[in-house]
Amino acid sequence: MLPDASQNDAPAALLAQHYGLDAVVAPLSSEVERTFDARAGDGRQLIFKTSARPQALDSFRFQSTVLAGLGSATGVIAPAVIPTRSGDLMFEHAQGSGYLQTRMVGLALHTVPRTPRLLDQVGEALARLNLAMKHIEAPASRRPVLWNIACWPWLVEFERYLPEGQTAQLVHSAMADYIGNIAPQIGNLDWQVTHNDPSPFNMINTGPTGIGFIDFGDGGWNPRLQDLAIAAGHFTLDPDTPLGGAEHVIAGYASLCPLSDLEAALLPGMMRARQSALVLINHWRSHLFPQDAPYIMKNVHRAERGLVVLAALDAAAGEAAVRDAATRKQPAS
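If you read the sequence shown in our numbering, its first letter stands for residue 3, the second for the next number, and so on.
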């Protein structure tokens, strides 16, 4: 689904009603919920999310609870939830629901030059986030989410939306490997609440304070390793290294959250499967909503490049590359 532009609720009126705020609002790009930039009269920059759809209620309950839980986590940078006038994390009424959060100041990582040190910081920040989220009990963490790992085996139905060529072949191979060799083992991984979409669009370089995370709308109950697979996959771009530059993300992550033998073995295949899931889902959604294809496809080229890089590795070479990355010293610059 796309955001329901026909909703009549005026966001400024909702902010006044539920938060007592006088704010100037402007719509932002979003895939399901309606998201607004809100400039409060006291100068604060806020993000307001609202929707009239019933299924948004569980998503907002999850998101607001996770953000509230991260508020006391040491070393984790994430938006803070603004309580309603009644002290609740979100508002609910007959016409819809929503919540208000602070707006993170900084540069999205897709606009920042990649350096070994930055990628190392991405891995460290993600590890701190995962360690903090491990202790959060969020409602609706098992709600239906298309991006959930449980859906991956069925995404092969979307292969018919891919144009013939190298990408289609790589996606087919990656998903076959996942279904046959990896999915039977994921029950043996450590599961917890995860972000489930740490992409360069959802990670913010805040400067001296470090890497922050936004947009927890796809989060839920997943293998912890899935977050690393997603983040590392987005930075698999350099054909001159075995893991395309993701080595630095893995090194930073493993320095705070060491990888088990099983995690090291499964990570490359999970990276390829998540890259393939991104390609499949977004080609399908672009077929449904061609007018929104540029926004929907914003991460697809990066995933396609990553699939090409990882295709050069067999299972043994992939595991060896992960183990080498997980034990290497952090880069100095």
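Idealized CB from N, CA, C, for every residue including glycine. Predicted model only: the values in this text are computed from it and were never measured.
When rounded, the separation of the alpha-carbon atoms in residue 278 and residue 167 is 14 Å.
Counting along the chain, residue 236 sits inside the alpha helix (DSSP H) bounded by residues 226-236. Here residue 204 has 216, 217 as same chain residues with Cβ atoms under 6 Å from its own Cβ, once five neighbours each way along the sequence are excluded.
Residue pairing for residue 132: DSSP places it in no beta bridge. Just measuring C-alpha positions, the residue of 34, 15, 32, 224 sitting nearest residue 25 is 15. For the pair residue 280 and residue 148, the Cα-to-Cα distance works out to about 11 Å. Residue 321 has its alpha-carbon roughly 49 Å from the corresponding atom of residue 89.
When the five nearest sequence neighbours on each side are left out, the beta carbons in the same chain lying within less than 8 Å of the beta carbon of residue 160 are those of 282, 283, 285, 286, in order along the chain. Within the same chain, Cβ atoms closer than 6 Å to the Cβ of residue 129 are found at 255, 258, 259, the five residues on either side in sequence being excluded. By the CB criterion at 8 Å, residue 66 and residue 83 fall inside the cutoff. CA-to-CA, the gap between residue 304 and residue 87 works out to about 43 Å. Scanning the region 75-106 from its first residue to its last, the whole beta strand (DSSP E) runs of 3-plus residues come out as 93-95, 98-104.
Judged by their CB atoms, residue 224 and residue 196 are nearer to each other than the 8 Å cut-off. At the C-beta level, residue 188 and residue 155 stay beyond 8 Å of one another. With contacts defined by Cβ atoms closer than 8 Å, residue 327 and residue 245 form a contacting pair. In this structure, residue 274 sits near residue 312, with a CB-CB distance shorter than 8 Å. Apart from sequence neighbours up to five positions away, the residues of its chain that approach residue 108 with a beta-carbon distance below 8 Å are 206, 207, 208, 209, 214, ordered along the chain. Counted as a single uninterrupted DSSP element, the alpha helix (DSSP H) harbouring residue 252 occupies residues 248-258.
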